[in-house]
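Below is one structure, written out as structure tokens; comments come after it.
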Ligand code: KG4
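In the numbering used here, the protein residues as written are 8 to 349.
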């Protein structure tokens, strides 16, 4: 007799995306995300507005994910949900929904660390495609609006942060520089688009000199701001005249900082399987730098599909599938946590 399929519903609500996904026997059937445009006017995510939007979105998003997957809720084996880190009000919507849903169906709950989910996005399989999941151990550069880390991934549930930012995250620095230039939020995709038309050597910004594999981006942000102030004194339209070159030079500086430490870590640990994950992994310059490193240093690289770079529930569902196999469930009283390491 054929084994009953393992069907996991994943739920993600840690920041400003409400997402639900369904995975059957490790293969993704659906991934539905409602993003929140409401924050654009404020130049950043407003926590209170985010949790309100999650409340509106969660039921239709889960409903759509089940419908697109062609799965009835009674067929689900477990509900996996993002427990943290993230915005508490946002997390609470997903966590409470997951609890109610799992309890009503009498199925287990699986708590997922959002950062672990980003790293495991490389294991998402669509259809019959074999996918190209990295073998353990591999290195993962996890770069988002809230994190910049080099993670040594020894197993799906054994990850060690070997380097991380001591202040701002890479995405945060990009977003802030974009804001200073009056370009809008989120800055990442805007800077990316402008950078394609600019000269990356046009301007030079401060690069940090800190030991080990750690990162720092606050000095770069300040250097960008102070330089811009000086240039604006001479030419009030400096940004308009140079925005492509500014974007390209900023992007190059950030990519260089990220890759220098990652290259050193890969060399020291003798690891040639290197992945990138998180929102900033959508960046064209960073993706090109990965491809360049593959050619120059013999790395095998793993770059996620665009849809799995930013927050999504597919990565939560696949992490849930790994944990389900180990019967690693969580109790009903498990609280959300706003801060937690891998
Ligand atoms: O992983 P993510 O969606 O959210 C969390 O922070 O958890 O990452 C969002 C970050 C933002 O800072 C955004 O500006 C950046 O990813 N981002 C990009 C690009 N697309 C998104 N940064 C550079 N280039 C992009 N194409």
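Note that beta-carbon positions come from the ideal geometry of N, C-alpha and C, so glycine has one too.
Just checking residue 193 against the ligand KG4 - is the residue's beta carbon closer than 7 angstroms to any of the ligand's heavy atoms? Along the chain shown, one-based indexing puts residue 193 at 186. Checking the Cβ of residue 193 against the ligand KG4 gives yes.
Which residue spans inside the stretch 97-175 form an unbroken alpha helix (DSSP H) run of at least 4? Along the stretch 97-175, the alpha helix (DSSP H) occurs as fully enclosed runs of 4 or more residues at 121-127, listed in sequence order.
From residue 237 to residue 47, what does the alpha carbon distance come to, in whole angstroms? Here residue 237 refers to the residue found at position 230 of the chain shown. Here residue 47 refers to the residue found at position 40 of the chain shown. If you take the alpha carbons of residue 237 and residue 47, they lie about 28 angstroms apart.
Residues in the same chain with beta-carbon distance under 8 angstroms from residue 81, minus the five sequence neighbours each way, listed in chain order, please. Taking the first residue of the chain shown as 1, we reach residue 81 at position 74. Excluding its 5 nearest sequence neighbours in each direction, residue 81 has C-beta neighbours in its own chain below 8 angstroms: 112, listed in chain order.
Closer than 7 angstroms: is that where the CB of residue 151 sits relative to any heavy atom of the ligand KG4? As a working note, residue 151 is residue 144 in the chain shown. Under cutoff, so the answer is yes.
By DSSP's criteria, residue 18 is part of a beta bridge. Which residues make up the other side? As a working mapping, residue 18 is identified with position 11 in the chain shown. Bridge pairing for residue 18: 27, 88 [DSSP].
Where residue 248 falls, given that 16 or more other Cβ within 10 Å makes a residue buried: For this step, residue 248 is matched to residue 241 along the chain shown. When all chains shown are included, residue 248 counts as exposed.
Taking residue 175 as the reference, give the member of 186, 230, 185, 154 with the closest Cα. As a position in the chain shown, residue 175 is number 168, starting the count at 1. Taking only the C-alpha atoms, the option nearest residue 175 is 154.
Considering only heavy atoms of the ligand KG4, does any lie closer than 7 angstroms to the CB of residue 44? Here residue 44 refers to the residue found at position 37 when the chain shown is read from its first residue. No, Cβ of residue 44 sits at least 7 angstroms from all heavy atoms of the ligand KG4.
DSSP-derived helix/strand/coil call for residue 39: Locating residue 39 in the chain shown gives position 32, where the first residue counts as 1. The three-state reading of DSSP puts residue 39 in strand, counting E and B together.
Quick check on residue 204: buried or exposed, where buried means 16 or more other Cβ atoms within 10 Å of its Cβ? Position 197 of the chain shown, counted from the start, is the residue given in the question as residue 204. Under the 10 Å beta carbon count, residue 204 is surrounded by fewer than 16 other beta carbons and is classified as exposed.
If we count the other Cβ atoms within 10 Å of its Cβ and call it buried at 16 or more, is residue 343 buried or exposed? Taking the first residue of the chain shown as 1, we reach residue 343 at position 336. So residue 343 ends up on the buried side.
I need the DSSP call for residue 52, collapsed to helix, strand or coil. For the purposes of this step, residue 52 is taken as the residue at position 45 of the chain shown. Residue state, collapsed to three classes: coil.
Is the CB-CB distance between residue 159 and residue 276 below 8 angstroms? For the purposes of this step, residue 159 is taken as the residue at position 152 of the chain shown. For the purposes of this step, residue 276 is taken as the residue at position 269 of the chain shown. Yes. Within cutoff.
With distance defined between alpha-carbon atoms, name the residue in 313, 288, 329, 274 nearest to residue 303. Mapped onto the chain shown, residue 303 falls at position 296. That would be 274, whose Cα lies nearest to the Cα of residue 303.
For residue 217, the first and last residue of its enclosing alpha helix (DSSP H): Here residue 217 corresponds to residue number 210 of the chain shown, with the count starting at 1. Segment: none, residue 217 is in no alpha helix (DSSP H) and carries neither H nor E.
Following the continuous beta strand (DSSP E) through residue 46, name the residue where it begins and the one where it ends. The sequence position of residue 46 within the chain shown is 39, counting from 1. In the DSSP annotation of this structure, residue 46 is not part of any beta strand (DSSP E), being labelled neither H nor E.
Cβ-based neighbour list, residue 126, same chain, cut-off 7 angstroms, excluding 5 preceding and 5 following: Reading the chain shown from its first residue, position 119 is the one you call residue 126. Here the set comprises 147, 149, 158, 160, 166, 284.
Can you tell me whether residue 295 is buried or exposed, with buried defined as 16 or more other CB within 10 angstroms of its CB? Locating residue 295 in the chain shown gives position 288, where the first residue counts as 1. Answer is exposed; the Cβ neighbour count stays below 16.
Per DSSP, what are the beta-bridge partners of residue 308 in this structure? In the chain shown, counting from the first residue as 1, residue 308 sits at position 301. As DSSP reads the structure, residue 308 sits in a beta bridge with 281.
For residue 172, is the classification buried or exposed, using 16 other Cβ atoms within 10 angstroms of its Cβ as the cut-off for buried? For the purposes of this step, residue 172 is identified with residue 165 of the chain shown, where counting begins at 1. Counting C-beta atoms within 10 angstroms of its own C-beta, residue 172 has 16 or more neighbours from the protein chains shown and is therefore classed as buried.
Residue 347 - DSSP class collapsed to helix/strand/coil: Along the chain shown, one-based indexing puts residue 347 at 340. Under the three-state reduction of DSSP, residue 347 is assigned to coil, being neither helix nor strand.
Compute every distance between the C-beta of residue 289 and the non-hydrogen atoms of the ligand KG4, then say whether any falls below 7 angstroms. Taking the chain shown and counting its residues from 1, the one referred to as residue 289 is at position 282. True, at least one ligand heavy atom lies under 7 angstroms from that Cβ.
Beta carbon of residue 132 nearer than 8 angstroms to that of residue 17: Sequence index remark: in the chain shown, residue 132 carries index 125 (1-based). Sequence index remark: in the chain shown, residue 17 carries index 10 (1-based). Not in contact: residue 132 and residue 17 (Cβ atoms no closer than 8 angstroms).
Neighbour-count burial assignment, residue 139, 16 or more Cβ in a 10 Å radius: For the purposes of this step, residue 139 is taken as the residue at position 132 of the chain shown. Residue 139 is exposed by the Cβ-count criterion.
Tell me, to the nearest whole angstrom, how far the beta carbon of residue 254 is from that of residue 90; I am working on the premise that it is less than 8 angstroms. As a position in the chain shown, residue 254 is number 247, starting the count at 1. As a position in the chain shown, residue 90 is number 83, starting the count at 1. Actually they are not in contact, since the Cβ atoms of residue 254 and residue 90 sit about 36 angstroms apart, beyond 8 angstroms.
Take residue 188 as the anchor and find which of 252, 215, 208 has the nearest alpha-carbon. Counting from one through the chain shown, the residue named residue 188 turns up at place 181. Out of 252, 215, 208, 252 has the C-alpha closest to the C-alpha of residue 188.
Label residue 348 either buried or exposed according to how many other C-beta atoms from any shown protein chain fall within 10 Å of its C-beta, with 16 as the threshold for buried. Locating residue 348 in the chain shown gives position 341, where the first residue counts as 1. Counting Cβ neighbours within 10 Å, residue 348 comes out exposed, since fewer than 16 surround it.
Proximal residues to residue 68 (C-beta, below 8 angstroms), its chain only, five neighbours per side dropped: Position 61 of the chain shown, counted from the start, is the residue given in the question as residue 68. Around residue 68: 25, 26, 27, 39, 40, 41.
Using a Cβ-Cβ cutoff of less than 7 angstroms, which residues in the same chain neighbour residue 259 once the five nearest sequence positions on both sides are dropped? Along the chain shown, read from residue 1 onward, the residue named residue 259 stands at position 252. Contacts found: 207, 292.
Just to check my reading of the structure: residue 78 and residue 328 have Cβ atoms closer than 8 angstroms, yes? What is that Cβ distance to the nearest angstrom? Counting from one through the chain shown, the residue named residue 78 turns up at place 71. Counting from one through the chain shown, the residue named residue 328 turns up at place 321. Contact doesn't hold; Cβ gap of about 14 angstroms is too wide.
For the ligand KG4, I want to know if residue 311 counts as a neighbour, meaning its beta carbon is within less than 7 angstroms of at least one of the ligand's heavy atoms. Along the chain shown, read from residue 1 onward, the residue named residue 311 stands at position 304. Checking the Cβ of residue 311 against the ligand KG4 gives no.
Confirm the yes/no value for this check: CB of residue 40, any heavy atom of the ligand KG4, distance under 7 angstroms. To locate residue 40, count along the chain shown from 1; it is residue 33. Because no heavy atom of the ligand KG4 lies under 7 angstroms away, the Cβ of residue 40 does not count as near it: no.
Please classify residue 313: is it buried, with 16 or more other beta-carbons within 10 angstroms of its beta-carbon, or exposed? As a first step, residue 313 must be located in the chain shown, where it is residue number 306. By the neighbour-count definition (other C-beta atoms within 10 Å, threshold 16), residue 313 is an exposed residue.
Rounded to a whole number of angstroms, what is the C-alpha to C-alpha distance between residue 119 and residue 95? In the chain shown, residue 119 corresponds to position 112, counting from 1. In the chain shown, residue 95 corresponds to position 88, counting from 1. Between the alpha carbons of residue 119 and residue 95 lies a gap of roughly 15 angstroms.
Who are the near neighbours of residue 228 in its chain, counting only those whose CB is closer than 7 angstroms to its CB and skipping five residues on each side? Taking the first residue of the chain shown as 1, we reach residue 228 at position 221. Cβ contact annotation for residue 228 (same chain, cutoff 7 angstroms, sequence separation greater than five): 175, 180, 183, 184, in chain order.
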